[in-house]
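Heads up: the structure comes next, in structure tokens.
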Amino acid sequence: MQRRKGSDKSQNRYPQKSKISPTKHTQSLTSSLFLHHHHPPMAMEATLLSFPSHSLTQTKTKTQTQTHFLSNPPPFLSSKPKRPSKLSIRSAISRNKKEATVETVKTQLDDCQLLAAIKYKGFTVKQFQDLRRSLPETTTLVVAKNTLVYKAIEGTPWEALKPCMTGMNAWLFVHSEEIPAALKPYRDFQKEKKLEENDFSGAVFEGKFYAPGDFKTLENMPTRAEIYAKMLGSIKNPASSLVGTIQAPARELVMVLQAYVKKLEEEGGGGGQ
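Position 145 (the sequence shown) corresponds to 145 in UniProt numbering; numbering is contiguous.
Here it is, written out as structure tokens:
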């Protein structure tokens, strides 16, 4: 019995590979993918083509982010110094002006005998100019906010002027003992310009507050010459008049003594005694 060239067992042990063309293999693989994802051929093609587009979008976004980072680096990486804003500059200028105003008021308070507040709402620039020209050299008119003036007078005897810290005020600084002569120019100006509403809102004299209704006391106060004449006449009178003179306020008594010494010097003729 002749031996067969190839048994079925040998053929099963070494099966021959099926010859399938590459084209048919690709079509089979594609068909299996289509069937697995339940996509029609056109939809699958669109899905496969969308991957490169998504990748390009991510690359473009990343490039734009890097460009923005380079053109706008964070503050801690910026080498350029930060310039002050216009708002901060204006605030600094405003603060400096306020400080200068407070210092001006404090300077005017040196050797000041009386400080009065005037209601200046409604004044024109020309009226202010005319008023300043009409005032004597011993007085100064300053326009400043109430808060700044109060900051300057806080903790001083002039703090008694606190009731005037309302409305719009101009501040009259009197650097003379001639109080009536310092107040009279404004009274004349007020009558001339018919500014009845622009009255004094208050004043402080020797640490005492004078309300608008008390200004007659200040305006009728005798001048220095009148006080000298009155005191000198009292000294020449009997003792009873002298006692009344001694009981006068300390300020008037000092003025009397100064006038009396001056009179003695004039009568002595400067003889060197």
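Glycine residues also receive a C-beta, built at the ideal position from the N, C-alpha and C atoms.
I need the DSSP call for residue i, collapsed to helix, strand or coil.
i    : result
P216 : Just to set this straight, residue 216 is Lys in the shown sequence, not Pro. Looking at K216 - three-state DSSP - the assignment turns out to be helix.
K208 : strand
N169 : strand
K119 : strand
A144 : coil
S176 : coil
T139 : strand
L183 : helix
L195 : coil
T30  : Reliability fails at T30, whose pLDDT of 48 lies under 50, so the model's placement of it is uncertain and the value that follows must be treated cautiously. Residue state, collapsed to three classes: helix.
Alpha carbon to alpha carbon, how far is residue i from residue j?
i    : j    : result
K145 : P185 : 24 Å
N169 : E177 : 23 Å
A229 : K191 : 32 Å
E206 : F215 : 14 Å
Q127 : V143 : 13 Å
V194 : F173 : In the sequence on display, residue 194 carries Lys and not Val. If you take the alpha carbons of K194 and F173, they lie about 23 Å apart.
T223 : D188 : 18 Å
S94  : E196 : 34 Å
L232 : A225 : 11 Å
C164 : E103 : 20 Å
I227 : M221 : 10 Å
S88  : K98  : 15 Å
Since residue i and residue j should fall inside the 8 Å C-beta cutoff, what is the C-beta to C-beta distance between them, to a whole number of angstroms?
i    : j    : result
L141 : A203 : That belief does not hold up - the Cβ atoms of L141 and A203 are roughly 14 Å apart, past 8 Å.
K121 : S201 : Wrong, their Cβ atoms sit about 11 Å apart, outside the cutoff.
H175 : T147 : Actually they do not touch by this definition, with Cβ atoms about 24 Å apart.
L183 : L218 : 6 Å
A117 : W171 : 6 Å
P136 : A100 : 25 Å between Cβ atoms; not a contact.
Buried or exposed for residue i, going by 16 or more other Cβ atoms inside 10 Å?
i    : result
T166 : exposed
I179 : buried
V149 : buried
A92  : exposed
N96  : exposed
N198 : buried
V105 : buried
V125 : exposed
Against chain D, does residue i count as a neighbour if the rule is that its beta carbon must be under 8 Å from one of theirs?
i    : result
E226 : The structure shown contains no chain D, having only a single protein chain.
Original post:
Are three or more beta carbon pairs between the stretch 152–171 and the stretch 92–112 nearer than 8 Å?
Top reply: yes
Subject >> Three or more C-beta pairs below 8 Å linking the stretch 203–212 and the stretch 121–137 >> reply: no
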